[in-house]
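Take the position in the sequence shown, starting the count at 1, then add 832; the result is the number in this note's numbering.
Just so it is clear, CB atoms sit at the ideal spot from N, CA and C, and this is done for glycine as well.
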Amino acid sequence: MKVVVTGGAGFIGANFCRVLSAESGAEVVALDDLSTGFRTNLDGVDATLVEGSILDRDLLDEVVSGASSIVHLAAIPSVPRSVADPLASHAANATGTLEVLDAARRAGDVHVVVASSSSVYGRNPELPKHEGLRCEPMSPYAVNKLAAETYAGAYAACYDLEVLPFRFFNVFGPLQAAGHAYAAVIPAFVDAAMAGRALPVHGDGSQSRDFTYVESVTRVLREAVVRRATSASPVNLAFGSRTTLMEVVAMLGEILGRRLEVEHLPTRPGDVPHSQADDSRLRALFPELSPVPLRTGLERTVAWF
Ligand code: NAD
């Protein structure tokens, strides 16, 4: 079995390549332009890294040839970056996904897992987020992801392509980059806490998220690939918990054994106030899988830093 992982040198991608190569015996090919990923993320992983872009059609055809599945994770994965440069986000996230789906169509008999995002629910306040809710994107990134998963469904309908679009929620864990302006919240918190700085909290910290430890995600992705699981409609990939940013700060303080200072910053445009997955579709597809608890995930993330 050959599996192509686009964005395979990134945070989720490299964690997934490691699990897949170690546990499934698959031939793993990571395709990554190293724009936010790192070659070193794949150190010690039995995977071939092809450096290049998903927007390079000839390269995609070459890499996808003979593959059983593509796990499409490559993207510019940031709401604020999409607000700063919507055209670049659209090219990588929407057009890039279309290129990957079309390469799969040209190759024939390739199963495609697509990374979408909980951000598609946007300003729709209903909780928990079930996949039938109306999507109300609040950022160019969310629009890109809605386009990506909708293209996947359309390719299933028009070309019988086997697809599985997942809506990831807030994934965190080892290899997630911190210390830059667009860092996700947990690595930004852990980075600040380890350096003795105040933790940057946008708004009052009452915003809540369904934080998902990366191993919980890679377990699902591995099962999806091994079983060639399909769904033309999107599936939430989170397990239905909800934690506020201030609760994460408190938990980190307990793990590190000290009180952590917080610096409140202005809220950011495009950020949604609350997020929590309805996980019934996920559980129906993968009934045997259970998540790593948040506290355990945070402990492992702190240990990795
Ligand atoms: P990441 O930035 O670590 O990984 C993305 C990878 O894609 C990087 O290695 C980057 O170099 C690569 N890439 C970007 N543009 C490319 C291109 N044109 N061609 C080839 N490679 C390219 O981010 P991540 O957190 O691992 O995200 C992986 C996927 O999951 C993304 O699609 C993201 O939108 C989605 N997602 C992530 C989260 C999360 O919480 N981390 C939440 C929702 C959705």
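The beta strand (DSSP E) enclosing A879, as first and last residue numbers: From DSSP, the beta strand (DSSP E) with A879 extends over 879-883.
Selection from G876, G1028, A1010 that minimises the alpha carbon distance to A1020: Nearest neighbour of A1020 by Cα position, chosen from G876, G1028, A1010, turns out to be A1010.
Three-state secondary structure assigned by DSSP to G1085: Three-state DSSP puts G1085 in a helix.
For S949, the residue or residues it bridges with in DSSP: Per DSSP, the beta-bridge partners of S949 are F1000.
Residue ranges of each beta strand (DSSP E) within the segment 1001-1031, 3 or longer: As far as the segment 1001-1031 is concerned, its whole beta strand (DSSP E) runs of at least 3 residues are 1002-1004.
Alpha helix (DSSP H) segment containing V896, residue limits: Here the alpha helix (DSSP H) through V896 covers 889-896.
Counterpart residues of A1056 in DSSP-defined beta bridges: According to DSSP, A1056 bridges with nothing at all.
Continuous alpha helix (DSSP H) stretch holding D934: start and end: Start and end: 928-939.
Contact check, Y973 vs S914, beta carbons under 7 Å: Contact flag set, yes.
Proximity winner among E1086, D1103, V836, relative to N956 (alpha-carbon distances): Nearest of E1086, D1103, V836 to N956, Cα basis: D1103.
Distance cut-off 6 Å: G1226 Cβ against heavy atoms of the ligand NAD: No answer is possible for residue 1226: it lies beyond the span of the chain, which begins at 833 and ends at 1137.
Whether L959 touches G928 by CB criterion (7 Å): Taking the C-beta atoms as reference points, G928 is found no nearer than 7 Å to L959.
Exposure of P1125, with buried meaning 16 or more beta-carbon neighbours within 10 Å: With fewer than 16 other Cβ atoms within 10 Å, it is exposed.
Closest by C-alpha distance to S1038, when choosing among R1060, V1017, P1105: Nearest to S1038 by C-alpha distance, out of R1060, V1017, P1105, is P1105.
Counterpart residues of F1043 in DSSP-defined beta bridges: In the DSSP output, where bridge partners are listed per residue, F1043 has N1002.
Proximity winner among V1134, L863, D878, relative to L1007 (alpha-carbon distances): It is V1134.
Per-residue DSSP class, three states only, for N1068: Assignment of N1068 by DSSP, reduced to helix, strand and coil, places it in the strand class.
CA-to-CA distance, G1028 to F1000, given in whole angstroms: Across the structure, F1000 and G1028 are spaced so that their CA atoms are roughly 30 Å apart.
Exposure label - R850; buried when at least 16 CB within 10 Å: Burial call: buried.
Distance CB(Y991)-CB(P912) smaller than 7 Å: No; because the gap between Cβ atoms is not below 7 Å, this pair is not in contact.
Proximal residues to A1056 (C-beta, below 6 Å), its chain only, five neighbours per side dropped: The residues are V945, L996.
Those runs of the alpha helix (DSSP H) which lie wholly inside the segment 835-869 and span at least 4 residues: Runs of the alpha helix (DSSP H) inside the segment 835-869: 843-856.
C-alpha distance - A984 paired with D941, whole-angstrom precision: Within the model, the alpha-carbon separation for A984 versus D941 is close to 15 Å.
The ligand NAD heavy atom lying under 6 Å from the CB of L866: Relative to the non-hydrogen atoms of the ligand NAD, the Cβ of L866 comes within a distance shorter than 6 Å of at least one.
From Y1045, R1090, V1017, residue whose alpha carbon lies closest to that of T1076: Nearest option by C-alpha distance: V1017.
T868 versus V861, A854, E883, V860, residue with shortest Cα-Cα distance: By alpha-carbon distance to T868, the top candidate from V861, A854, E883, V860 is E883.
Spatially closest choice to R1100 from A926, A936, G1035, by CA coordinates: Considering only alpha carbons, the answer is G1035.
Assumed close pair L863, V903 - CB separation to whole angstroms, cut-off 8 Å: Wrong, their Cβ atoms sit about 10 Å apart, outside the cutoff.
Reduced DSSP category for V1094 - H, G, I as helix; E, B as strand; rest coil: Reduced to three states, the DSSP call for V1094 is strand.
CA-to-CA distance, G964 to V952, given in whole angstroms: Taking the straight line from one Cα to the other gives about 12 Å.
Start and end residues, alpha helix (DSSP H) containing S901: Here S901 belongs to no alpha helix (DSSP H); instead the beta strand (DSSP E) covers 901-904.
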